[in-house]
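To keep things clear, I will list the structure first and then write my remarks on it.
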Amino acid sequence: MTLIDQTDALFFDKTGLDKENTFSIVAECLSGADDGDLFLEMRHSEMLAFDDGRLKTATYDQSAGFGLRAIAGEADAFAHAGELSEGALRRAAETVSSVASGHAGQLALPPEAGHNKPLYSDLNPLAQTPFADKVALLQKIDSYARAADPRVRQVSASIAGSWQAVQIIRPDYTSYADIRPLVRLNVAIVVEQNGRMETGSSGTGGRFMFARYLDDALWQKEVQEALRIALLNLVSVSAPAGEMEIVLGAGWPGVMLHEAVGHGLEGDFNRKGTSVFSGRIGEQVAAKGVSVVDDGTMTDRRGSITIDDEGTSSARNVLIEDGILKGYMQDRQNARLMGVAATGNGRRESYAHLPMPRMTNTFMENGEYDPQEIVSSMKKGLYAVNFGGGQVDITSGKFVFSASEAYLVENGRIGAPVKGATLIGSGPDAMSKITMIGNDMALDRGVGTCGKAGQSVPVGVGQPTLKMGGITVGGTEAA
1 MTLIDQTDAL FFDKTGLDKE NTFSIVAECL SGADDGDLFL EMRHSEMLAF
51 DDGRLKTATY DQSAGFGLRA IAGEADAFAH AGELSEGALR RAAETVSSVA
101 SGHAGQLALP PEAGHNKPLY SDLNPLAQTP FADKVALLQK IDSYARAADP
151 RVRQVSASIA GSWQAVQIIR PDYTSYADIR PLVRLNVAIV VEQNGRMETG
201 SSGTGGRFMF ARYLDDALWQ KEVQEALRIA LLNLVSVSAP AGEMEIVLGA
251 GWPGVMLHEA VGHGLEGDFN RKGTSVFSGR IGEQVAAKGV SVVDDGTMTD
301 RRGSITIDDE GTSSARNVLI EDGILKGYMQ DRQNARLMGV AATGNGRRES
351 YAHLPMPRMT NTFMENGEYD PQEIVSSMKK GLYAVNFGGG QVDITSGKFV
401 FSASEAYLVE NGRIGAPVKG ATLIGSGPDA MSKITMIGND MALDRGVGTC
451 GKAGQSVPVG VGQPTLKMGG ITVGGTEAA
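Throughout the sequence shown, residue numbering follows my numbering, covering 1 to 479 in sequence.
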């Protein structure tokens, strides 16, 4: 059974929508528009949280609705409803058809037909794993963590999942569908020693369902990592301050690339000329050897999508190649206005939101250096293995990131762990200061969530170990 068949059964066989009437309403209300679509969504979400030795939170939510939009030039008309009925759809159609009134646009070509083969290995609903098994999993995590070290004072564990079915219907009677599973497991541990308390956390996830985490080896690995970070923080020293060499670890530190560079390469910012990368296609925007890719086609990855939320097949898009800017990430509207092809990056949080250009799995490709060689080359600096929060200004490219795991390095030797290190700089400037790129590219553990214009979507990040010169570190000790 194809994804279209599966979603037809959800949206038309069990709701107040008739398929033929739905297609006719969409075609009629978008007549004269440049583009537009009906986005149908059904979502089941569940979250369980264990804290202080007992189940503290258990939530389950089921929602269904649609979003209908018409596009005329740069103008959007959008209406949505939290019900799947012909009456609600007709009322929405009256609203959105107004944007195309008197507009003699030529309907944009539909997305090319996708392969209709999901990128996810598990499309089963949340209920496949019994509720009791999920509670038992969190209980085992709590007991295992408390038994692992006498300094453990508190354990928090949570598991969250969603199952989303979507179908996109266009006015030319074409339709596209996807069914998207998503799970995330988190563990946080508080330890105490000699009156000092510190926290460590770890998480993992991807586009599959809960059953994968019933494997003891998988959840135990997260507990061990959270405990390792917590114990490391117990012996951490104050971070230095000043300008210095930085080595970023592989994997999750790619979140800095995501924020400081990735957002600046999204089509809407560049069409409006508000990105520091606007109008720079073909120019050197990073050091030679730096290649950045956004790839939504990776099996089971958190940021992967079989199709985007406009029906365009996901793709592997090269954004920067050997330091040269090659292209931007595009949804259909911004791509059409810029005279380029959509790249499969039109994403939305839910049926109640408009799509916009968003990242999927964004990462820097491998270089030639052994990671140990990179660290050994440092005279004095900071080795940042993991990051916490951060923020960036799209217009200037300036960023601020806090390092959640970092070490002092002197004469090529890794020293004491530090706490409170903050990296400050500008994306383009930082990219130009990359001097060594490792051969150990890794993606994050499947925990990324990206916010933009009030919308959140799951994403992936990654990079190899890399060395950057002259980055400002905010800390409490003079370097």
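All C-beta atoms in this analysis are idealised placements derived from N, C-alpha and C, irrespective of residue type, glycine included. It should be emphasised that the depicted structure is a prediction, and the values quoted were computed from it without experimental measurement.
Residue span of the beta strand (DSSP E) that contains residue i, given as start and end
i, result
"Trp252", "Run containing Trp252: none; DSSP gives neither H nor E here."
"Gly161", "152-169"
"Ser63", "54-72"
"Thr129", "First-last for Thr129: undefined, no H or E at that position."
"Gln391", "380-392"
"Thr22", "No beta strand (DSSP E) contains Thr22, which is instead part of the alpha helix (DSSP H) from 19-29."
"Gly470", "466-474"
Assigned exposure category for residue i - 16 Cβ within 10 Å defines buried
i, result
"Phe131", "exposed"
"Pro150", "exposed"
"Met298", "buried"
"Lys379", "exposed"
"Met256", "buried"
"Leu319", "buried"
"Asp391", "One point to set straight first is that residue 391 is Gln, not Asp, in the sequence displayed. Exposed, by the Cβ-count rule."
"Ser98", "exposed"
"Met441", "buried"
"Asp133", "exposed"
"Asn361", "buried"
"Leu218", "exposed"
"Arg196", "exposed"
"Ser101", "exposed"
"Leu126", "buried"
Candidates the options: closest to residue i by CA position
i, options, result
"Gln128", "Glu83, Met209, Ile159", "Met209"
"Asn366", "Lys380, Ala136, Ala421, Gly289", "Gly289"
"Gln62", "Gly53, Gly460, Ser45", "Ser45"
"Gly254", "Gly389, Gln284, Arg180, Gln193", "Gly389"
"Leu107", "Gln330, Asp122, Asp35, Thr15", "Asp35"
"Glu225", "Leu185, Gln193, Gly262, Phe78", "Leu185"
"Ser313", "Asp300, Gly195, Val293, Asp331", "Asp331"
"Leu516", "Val223, Glu20, Arg43", "An answer regarding residue 516 cannot be provided, because it is not within the stretch 1 to 479 covered by the chain."
"Glu321", "Arg212, Ser291, Ile179, Leu214", "Ser291"
"Val96", "Asn124, Ala27, Pro110", "Ala27"
"Val152", "Ser304, Val223, Asp76", "Val223"
"Gly451", "Gly381, Pro371, Gln333, Met359", "Met359"
"Val247", "His353, Lys467, Gly264, Gly438", "Lys467"
"Phe277", "Lys398, Ile4, Asp8", "Lys398"
"Ser416", "Glu259, Leu382, Ser156", "Note that residue 416 is Ala in the sequence shown here, rather than Ser. When each option's Cα is compared against that of Ala416, the closest is Leu382."
"Ala77", "His353, Ser402, Gly448, Arg445", "His353"
"Glu373", "Phe12, Met436, Lys326", "Met436"
"Glu283", "Glu86, Ser432, Leu109, Thr343", "Ser432"
"Ala33", "Ala58, Ile141, Glu74", "Glu74"
"Ala430", "His103, Ser236, Val237, Gly323", "Gly323"
"Asp215", "Pro371, Asn194, Ser377, Ile141", "Ile141"
Pair within 8 angstroms by beta-carbon distance, residue i and residue j
i, j, result
"Thr22", "Ile169", "yes"
"Val385", "Ala406", "yes"
"Ala188", "Gly420", "no"
"Val400", "Ile434", "no"
"Thr472", "Thr395", "no"
"Pro464", "Ala287", "no"
"Leu89", "Leu17", "yes"
"Gly303", "Gly460", "yes"
"Tyr369", "Gly438", "yes"
"Arg280", "Gly206", "no"
"Ala165", "Thr2", "no"
"Arg311", "Tyr120", "Correcting the residue identity first, residue 311 is Gly in this sequence and not Arg. Taking 8 angstroms as the Cβ cut-off, Gly311 and Tyr120 do not qualify as a contacting pair."
"Asn334", "Asp268", "yes"
"Asn317", "Val293", "yes"
"Ile179", "Tyr213", "no"
"Val135", "Ala145", "no"
"Gly469", "Glu245", "yes"
"Asp309", "Pro355", "yes"
Range covered by the alpha helix (DSSP H) that runs through residue i
i, result
"Leu218", "216-234"
"Phe50", "That residue, Phe50, is in no alpha helix (DSSP H); its beta strand (DSSP E) goes 35-51."
"Ile189", "Element bounds for Ile189: not the alpha helix (DSSP H) but the beta strand (DSSP E), 175-193."
"Thr422", "Thr422 -> not in any alpha helix (DSSP H); beta strand (DSSP E) instead, spanning 422-426."
"Tyr337", "Per the sequence shown, residue 337 should be read as Leu rather than Tyr. 332-338 is the extent of the alpha helix (DSSP H) around Leu337."
"Gln6", "3-11"
"Gln106", "No alpha helix (DSSP H) holds Gln106; DSSP gives it neither H nor E."
"Pro371", "371-376"
"Ala93", "86-96"
"Arg271", "267-271"
Closer than 8 angstroms to chain B by CB, residue i
i, result
"Lys134", "Within the model displayed, chain B is absent; a lone protein chain is all it includes."
Distance cut-off 7 angstroms: residue i Cβ against heavy atoms of the ligand FMN
i, result
"Ala217", "By its list of ligands, the structure shown contains no ligand whatsoever, and the ligand FMN lies outside what it can speak to."
Q. Pairing CB atoms from the region 23-39 with CB atoms from the region 56-76, are three or more of them under 8 angstroms?
A. Yes, the region 23-39 touches the region 56-76.
Q. Counting Cβ pairs, one atom from each stretch, are 3 or more of them under 8 angstroms apart for the region 397-414 and the region 151-171?
A. The region 397-414 is not in contact with the region 151-171.
Q. Are three or more beta carbon pairs between the region 81-94 and the region 43-59 nearer than 8 angstroms?
A. These segments do not touch.
Q) Do the region 453-460 and the region 346-354 touch if we need at least three Cβ pairs shorter than 8 angstroms? A) The count of Cβ pairs closer than 8 angstroms, one atom from the region 453-460 and one from the region 346-354, reaches three, so the stretches are in contact.
Q. Quick check: the region 230-244 against the region 195-208, are there 3 or more CB pairs under 8 angstroms?
A. Taking a cut-off of 8 angstroms for Cβ pairs, the region 230-244 and the region 195-208 touch, as three or more such pairs fall below it.
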